[in-house]
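Take a look at the structure set out below.
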Amino acid sequence: MAIRRQQILAAITKEFLALIRDKEAIIMLIVMPAVFVLIMSLALQNAFHVTSVKHLRLAILDRGHGHLASQVRDSLGRAHMFKVVILRPPAEKAGGAMTRLRQEVAVGHYGLGLVLPPGLTGQLKRHLTGVGKHKLIAPLDLFVDPALPAQVRGAAIASLTQTLQAAQTAELLGSLVQADPKLNGEAITRALRPVLRLKTNTRLAPDAPVPTSVQQNAPAWALLAMFFLVIPLSVTLVKERQQGCLLRLRSLPVPAWVLLVGKAVPYFILNSVQLVMVFWEGVYVLPLLGGTALQLGHSPGAIVLMAVAANSAAIGYGLLIATIVRTQEQATSFGAISVLIMAAIGGVMVPKLVMPLPMQHFTRVSPLAWGLEGFQAIFVRGATISGILPEAAHLFLFGAICAFFAGIRFRQELRPQDLRRIGKMG
Amino acid sequence: MPQSVPTVVSKHIPDPTIGALEAVDVVARYPGLSEPAVAGVTLTVAQGALFGLLGPNGAGKTTLLSMACALIRPSSGSLRVLGLGWDSDPVLFKRSVGFVPQGIALYPTLTARENLQVFGRMHGLGGTKLRARIDYALAVADLREIADRRVQTHSGGVQRRLNLVCALLHEPPVLILDEPTVGIDPQSRNFIHNVLRELNRSGTTILYTSHQLDEVEDLCDTVAIMDRGRIVAHGSMADVLSQHTGMLELRLGDSPPEELRAALQALPDMQALQVEGRTITMRSARPFELVAALIPLLAARGVAILSLSVGAQNLEHAFLAITGTRLRD
Numbered sequence: 001m002a003i004r005r006q007q008i009l010a011a012i013t014k015e016f017l018a019l020i021r022d023k024e025a026i027i028m029l030i031v032m033p034a035v036f037v038l039i040m041s042l043a044l045q046n047a048f049h050v051t052s053v054k055h056l057r058l059a060i061l062d063r064g065h066g067h068l069a070s071q072v073r074d075s076l077g078r079a080h081m082f083k084v085v086i087l088r089p090p091a092e093k094a095g096g097a098m099t100r101l102r103q104e105v106a107v108g109h110y111g112l113g114l115v116l117p118p119g120l121t122g123q124l125k126r127h128l129t130g131v132g133k134h135k136l137i138a139p140l141d142l143f144v145d146p147a148l149p150a151q152v153r154g155a156a157i158a159s160l161t162q163t164l165q166a167a168q169t170a171e172l173l174g175s176l177v178q179a180d181p182k183l184n185g186e187a188i189t190r191a192l193r194p195v196l197r198l199k200t201n202t203r204l205a206p207d208a209p210v211p212t213s214v215q216q217n218a219p220a221w222a223l224l225a226m227f228f229l230v231i232p233l234s235v236t237l238v239k240e241r242q243q244g245c246l247l248r249l250r251s252l253p254v255p256a257w258v259l260l261v262g263k264a265v266p267y268f269i270l271n272s273v274q275l276v277m278v279f280w281e282g283v284y285v286l287p288l289l290g291g292t293a294l295q296l297g298h299s300p301g302a303i304v305l306m307a308v309a310a311n312s313a314a315i316g317y318g319l320l321i322a323t324i325v326r327t328q329e330q331a332t333s334f335g336a337i338s339v340l341i342m343a344a345i346g347g348v349m350v351p352k353l354v355m356p357l358p359m360q361h362f363t364r365v366s367p368l369a370w371g372l373e374g375f376q377a378i379f380v381r382g383a384t385i386s387g388i389l390p391e392a393a394h395l396f397l398f399g400a401i402c403a404f405f406a407g408i409r410f411r412q413e414l415r416p417q418d419l420r421r422i423g424k425m426g
Numbered sequence: 427m428p429q430s431v432p433t434v435v436s437k438h439i440p441d442p443t444i445g446a447l448e449a450v451d452v453v454a455r456y457p458g459l460s461e462p463a464v465a466g467v468t469l470t471v472a473q474g475a476l477f478g479l480l481g482p483n484g485a486g487k488t489t490l491l492s493m494a495c496a497l498i499r500p501s502s503g504s505l506r507v508l509g510l511g512w513d514s515d516p517v518l519f520k521r522s523v524g525f526v527p528q529g530i531a532l533y534p535t536l537t538a539r540e541n542l543q544v545f546g547r548m549h550g551l552g553g554t555k556l557r558a559r560i561d562y563a564l565a566v567a568d569l570r571e572i573a574d575r576r577v578q579t580h581s582g583g584v585q586r587r588l589n590l591v592c593a594l595l596h597e598p599p600v601l602i603l604d605e606p607t608v609g610i611d612p613q614s615r616n617f618i619h620n621v622l623r624e625l626n627r628s629g630t631t632i633l634y635t636s637h638q639l640d641e642v643e644d645l646c647d648t649v650a651i652m653d654r655g656r657i658v659a660h661g662s663m664a665d666v667l668s669q670h671t672g673m674l675e676l677r678l679g680d681s682p683p684e685e686l687r688a689a690l691q692a693l694p695d696m697q698a699l700q701v702e703g704r705t706i707t708m709r710s711a712r713p714f715e716l717v718a719a720l721i722p723l724l725a726a727r728g729v730a731i732l733s734l735s736v737g738a739q740n741l742e743h744a745f746l747a748i749t750g751t752r753l754r755d
């Protein structure tokens with residue numbers, strides 16, 4: 001027992017000292033995720049508030065010089081989403097203006113370009129009152145900057161469509177009042193105002209925090225960084241092989257599990273420190289930089305459980321890869337690529353909801369998805385320990401399976417080797 | 427660096443009835459190779475010996491030593507250290523052996539003391555015993571002054587000394603060293619040899635491999651030469667040297683003409699011939715008959731002889747006589 005204690009102490013000490021003296025690994029594992037969370041949370045802050053897009057430049061080419069363009073501008077201007085510019089070229093230059101508008105939108109000078117054709121106001125009036133020759137109104141040309149993000153594009157088009165419908169309704173109202181002076185125009189206007197509105201509730205649990213970009217980014221990037229330990233962890237084992245230390249260790253009466261525990265403990269501590277740093281940064285530093293503060297929910301026990309579970313999964317995976325790879329190149333390339341694939345599948349980089357349906361089902365195979373779902377359940381849905389047990393169990397099981405196979409492989413490596421498995425020694 | 431080496435603390439009392447290393451018909455066969463790396467080696471190294479294992483590259487030395495350190499498993503045959511097989515008691519087997527690998531097997535970002543602490547604890551040492559053994563190891567390697575510097579900042583000689591003493595922490599009765607003096611200066615080599623002699627005097631059995639034959643000749647009392655996986659010579663240093671009297675070395679005043687080489691090769695008693703500059707090395711089952719034949723040959727061509735020696739003058743001669751001069755893979 002005393003011998004085992006000394007061996008475990010030695011295994012942890014050498015790993016810990018090697019790790020803290022490897023500045024690159026420390027930077028990668030602690031500083032990198034902290035910076036990443038900061039940048040991504042601030043950069044993607046508006047991704048969770050699409051309607052807060054401000055001053056998107058919209059050019060309205062009013063070829064008919066009617067009042068509809070002004071009506072649209074006034075209506076859109078109130079929402080502050082658009083900065084509206086009305087272009088009213090002389091009639092003889094209207095064709096060229098349309099081409100020019102198309103080009104200017106194409107190069108990003110305007111985000112959107114709406115073309116109101118000549119006679120549109122009259123056409124609309126005839127359509128609504130049935131007076132005069134009825135003609136189907138052609139769809140209005142809308143040029144869209146191809147670089148506009150899909151979410152912003154969708155929100156802008158929806159807003160524009162809503163505004164045009166409101167303009168159509170206002171036109172109808174004007175026509176009705178004009179046709180029957182007995183009608184109370186003011187009453188009709190009031191009646192047509194939208195009174196059935198939506199009040200969006202995203203806080204479905206009592207005192208649950210509002211979902212923000214930092215709620216998504218902090219756990220997502222922290223989990224990614226946790227799994228990135230696979231690189232330094234496997235590199236240390238590769239180096240031990242290359243330096244001959246593993247050869248010496250193989251000649252000593254030390255079991256494989258002791259050496260694996262020695263590797264796991266320092267990385268468990270490092271990952272825990274890293275997670276605390278990332279969450280601390282989200283809570284205290286991000287607001288100082290104009291971002292939204294990370295809200296950690298109301299269950300510290302659940303956070304600890306998820307942290308330990310995610311850490312176990314990451315370390316188990318790291319140990320397995322460490323016992324498989326044979327060169328530093330394999331460790332860095334395979335380690336990084338496999339973790340990035342798990343992160344991409346797991347919704348760390350691309351939210352699960354924007355993935356195609358089959359892909360959304362596929363996210364279930366990624367431990368990063370379990371970790372992310374668990375943390376988001378705590379942070380956004382206000383879940384407690386019972387609410388995240390399935391995710392935590394998945395992570396523990398994944399870590400245990402990986403560690404089990406790592407143990408088998410490493411035990412084989414430490415035992416006197418069967419010559420059929422190894423190369424010529426000389 | 428001090429010229430003396432601290433006296434070794436522990437004494438091992440050699441038991442002459444049990445070999446330090448006993449190999450019986452040991453075979454080690456790598457996949458894809460037609461010939462085994464170790465082809466039925468039977469060898470006993472007595473306890474308390476300072477034993478040199480020699481052989482050209484690929485002769486099977488490292489494979490044999492790796493089996494003695496329980497790093498690889500023999501394909502067949504049995505191999506015991508102090509009467510213990512690896513299968514019977516792996517822990518005791520490994521505690522009996524101290525292994526000094528060919529490469530510097532140290533953690534470069536750890537200090538010398540930290541390396542000793544790690545490897546000492548891996549042997550289960552702790553507390554005052556560990557501290558005492560570390561102090562002893564640092565003293566033996568003359569590293570007390572620089573014990574707290576990282577290994578990566580030390581010279582090759584210092585690293586080699588530390589590499590050696592890391593294997594002494596658990597006081598092994600058998601110490602196996604695989605080319606422990608590669609790439610170091612003569613002072614460090616001499617220091618390491620003195621440590622090994624001192625350890626051997628205290629009863630530690632030393633198994634030593636090296637390509638530096640003068641080192642082995644100077645250090646070891648017993649020697650075995652391996653070639654193509656087999657032991658081709660084994661015994662005390664004097665025995666091995668005396669067994670190879672068929673060596674002739676001829677030093678000429680000028681480089682020999684090509685035509686002379688052909689003429690020498692054609693002599694009836696010539697078994698092997700090597701010409702290097704003005705030195706001709708020959709092997710023959712009847713060396714004196716060969717001398718009688720080659721003297722007139724040289725005289726007829728007016729070639730001046732600077733010296734002529736018969737018999738192995740040193741271990742290198744014996745080694746070349748036994749293993750030949752052909753380059754190995």
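Order-wise, the sequence lines are chains X and R. Numbered by my numbering, the letters in the first sequence go through residues 1 to 426 in order. Numbered by my numbering, the letters in the second sequence go through residues 427 to 755 in order. We put the beta carbon where it would ideally sit given N, CA and C, even for glycine.
The alpha-carbon of LEU667 of chain R is positioned some 7 Å away from that of ASN740 of chain R. From the beta-carbon of GLN7 of chain X, the residues of chain R found nearer than 7 Å are ARG547, MET548 and GLY550. If you draw a straight line from the Cα of MET81 of chain X to the Cα of ASP145 of chain X, it is about 16 Å long.
Nearest Cα to MET652 of chain R within the set R:PRO442, R:SER460 and R:GLY484: R:GLY484. Contact annotation: in the stretch 518 to 534 of chain R, residues whose CB is within less than 9 Å of a CB in chain X are LEU518, PHE519, LYS520, ARG521, VAL523, GLY524, PHE525, VAL526, PRO527, GLN528, GLY529, ILE530, ALA531, LEU532, TYR533 and PRO534. For the set R:MET548, R:CYS495, R:GLY553 and R:ARG586, the Cα lying nearest the Cα of LEU564 of chain R is the one of R:ARG586. The alpha-carbon separation between THR363 of chain X and MET355 of chain X amounts to approximately 9 Å. Going by beta carbons, LEU38 of chain X and GLU281 of chain X fall inside the 8 Å limit.
Taking 9 Å as the cut-off between beta carbons, the residues of the stretch 493 to 504 of chain R near chain X are MET493, CYS495, ALA496, LEU497, ILE498, ARG499, PRO500 and SER501, in sequence order. Using a CB distance cut-off of 8 Å, PRO416 of chain X counts as an interface residue toward chain R. For ARG248 of chain X, the nearest CB of chain R lies under 8 Å from its own CB, placing it at the interface with that chain. In its chain, beyond the 5 residues on either side, PRO440, PRO442, GLY445, ALA446, THR631 and THR648 have a beta carbon closer than 8 Å to the beta carbon of ALA472 of chain R.
Secondary structure note for HIS619 of chain R: its alpha helix (DSSP H) is the uninterrupted segment 612 to 627.
If you compare the alpha carbons of X:SER386, X:GLU391, X:HIS394 and X:GLN242 with that of ARG326 of chain X, the shortest gap goes to X:GLN242.
Relative to LEU372 of chain X, the option among X:ALA293, X:ALA166, X:ARG409 and X:VAL214 whose CA is nearest is X:VAL214. Taking all protein chains in view, the Cβ of ASN541 of chain R is crowded by 16 or more other Cβ atoms within 10 Å, so the residue is classified as buried.
Membership of LEU173 of chain X in the alpha helix (DSSP H) is indicated by the continuous run 150 to 179.
In the DSSP assignment, HIS660 of chain R falls within the unbroken beta strand (DSSP E) covering 656 to 662. In this structure, the beta-carbon distance from ILE60 of chain X to LEU116 of chain X falls below 8 Å.
At a C-beta separation below 8 Å, PRO440 of chain R has no neighbours in chain X, since its nearest C-beta there lies roughly 22 Å away. DSSP places TYR562 of chain R in the uninterrupted alpha helix (DSSP H) bounded by 553 to 566. Counting other Cβ atoms within 10 Å of its Cβ, MET1 of chain X stays below 16 and is therefore classed as exposed. For GLY290 of chain X and GLN376 of chain X, the gap between their C-alpha atoms comes out near 22 Å. Every alpha helix (DSSP H) stretch that sits fully inside the stretch 71 to 110 of chain X and reaches 4 residues is listed by chain position as 94 to 106. In the structure shown, LEU476 of chain R falls within a strand segment according to DSSP collapsed to helix, strand and coil. In this structure, LEU490 of chain R places its C-beta atom within 8 Å of the C-beta atom of VAL464 of chain R.
In this structure, ALA218 of chain X sits away from LEU288 of chain X, with a CB-CB distance that is not shorter than 8 Å. For GLN585 of chain R, there are no neighbours in chain X by C-beta distance under 8 Å, as the nearest C-beta there is about 11 Å away. Taking 8 Å as the CB threshold, GLU540 of chain R lines the interface with chain X. For ILE231 of chain X, no Cβ of chain R is located within less than 8 Å of the residue's own Cβ. In its chain, beyond the 5 residues on either side, ALA322 have a beta carbon closer than 6 Å to the beta carbon of LEU237 of chain X. By DSSP's assignment, TYR634 of chain R forms a beta bridge with R:GLY478 and R:LEU603. Taking 7 Å as the upper bound on Cβ-Cβ separation, chain X lies near no residue of the stretch 602 to 613 of chain R. Under the Cβ distance rule, LYS14 of chain X counts among the residues neighbouring chain R, one pair being separated by less than 8 Å.
Checking the DSSP bridge columns, you'll see GLU448 of chain R partnered with R:THR470 and R:ARG506.
When only Cα atoms are considered, VAL84 of chain X and VAL105 of chain X end up about 13 Å apart.
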